[in-house]
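Take the sequence shown: its letters are residues 4 to 218, numbered as in my numbering.
We put the CB at the ideal spot given by N, CA and C, even for glycine.
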Amino acid sequence: MNKKNEIINKLQSITGKNSIGGVFNDWIHLMAYTLSNTLDLKHQKEREALYLQTIAKYTTVQAVTFSECLDLLVHAMESETIDWLGEIYMELSLANKTMGQCFTPNHVARLMAELSLPSIIAEIEEKGRIHYYEPCCGSGSMIIALASALKDKEYNSQTKLTIHCEDLDQTCLLMCYVQLSILGIKAKCQVKNTLTNEVYSTWHTPFSILFGRTI
């Protein structure tokens, strides 16, 4: 069984009185709170309280299952740099149709990344790194595909790539935040209405905090 199916099966094992949508949403938020609280002291108290409030809905065994799913996600991303959370989200049919959600498939995201590589590599060669803005990031498929394409060209996305990404849907934005955090990418991720510039929350990846917030 592949890691994606293992995660789906484990999340489905937690359902009962909880819907799979609710379980998935809670898992994403729990991972985001955990990653944020490693270094983001500014939001630590608030997010720790939210973590405890969320995990209180589950038994100890179920809490361990959430941790096992995070471990599987880390290993999946180590084996192949793709948008695993987006795949799981779509496979579970959790996309919000009223918001027109339809995530870019990994192979399409990779093709688009490949097409943009020449100009991106040129900027990296000129300036030492590239600042990449994604105003509607979803789960981060386009950013992850770019990081993977750069890696194949022997450019380290942890040192050459700085991300500023936004999405109106908090769960989707946190899916992106979690995956960029696991990949060690420097990023500022915001739950934001790009059209009105209203910002609802800001999430700096651990690498963004560790190496200075220049975004």
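The criterion of a C-beta distance shorter than 8 Å is not satisfied by Ala-190 and Ser-204. Separation of Gln-56 and Ile-124 (C-alpha to C-alpha, rounded to the nearest whole angstrom) is 44 Å. Proximity to Ser-82 across Ser-151, Tyr-136, Gly-143 peaks at Ser-151, based on C-alpha coordinates.
Excluding sequence positions up to five before and after Val-194, its CB lies within less than 6 Å of the CB of Gln-173, Leu-176, Tyr-203, Ser-204, all in the same chain and listed in chain order. DSSP, read as helix, strand or coil, puts Cys-140 in coil. DSSP places Leu-164 outside any alpha helix (DSSP H); the residue lies instead in the beta strand (DSSP E), whose first and last residues are 164 to 170. Shown here for Leu-38: same chain residues with a beta carbon closer than 6 Å to its own, the five before and five after excluded, namely Ser-184 in chain order.
In this structure Ile-133 is not in contact with Gln-182, their Cβ atoms being roughly 19 Å apart against a cut-off of 8 Å. Exclusion of the five residues before and after Met-178 leaves Ile-31, Leu-88, Ser-142 as the residues of its chain whose Cβ lies within less than 6 Å of its Cβ. Going by beta carbons, Glu-169 and Pro-209 fall outside the 8 Å limit. Under DSSP, the beta-bridge partners assigned to Lys-191 are His-167, His-207. Beta-bridge partners of His-134 (DSSP): Thr-165. In this structure, the alpha-carbon of Ala-112 lies about 15 Å from that of Tyr-135. Our two residues, Gln-15 and Thr-107, have alpha carbons roughly 24 Å apart in a direct line.
Of the candidates Tyr-61, Ile-23, Glu-117, Lys-156, Ile-23 places its Cα closest to the Cα of Ser-96. For Glu-201, DSSP records a beta bridge to Asn-196.
In the three-state scheme derived from DSSP, where H, G and I count as helix and E and B as strand, Ile-17 is classed as helix.
When the beta-carbon positions are compared, Ile-91 and Lys-13 stay at least 8 Å from each other. Burial of Asp-29 is indicated by the presence of at least 16 other C-beta atoms within 10 angstroms of its C-beta.
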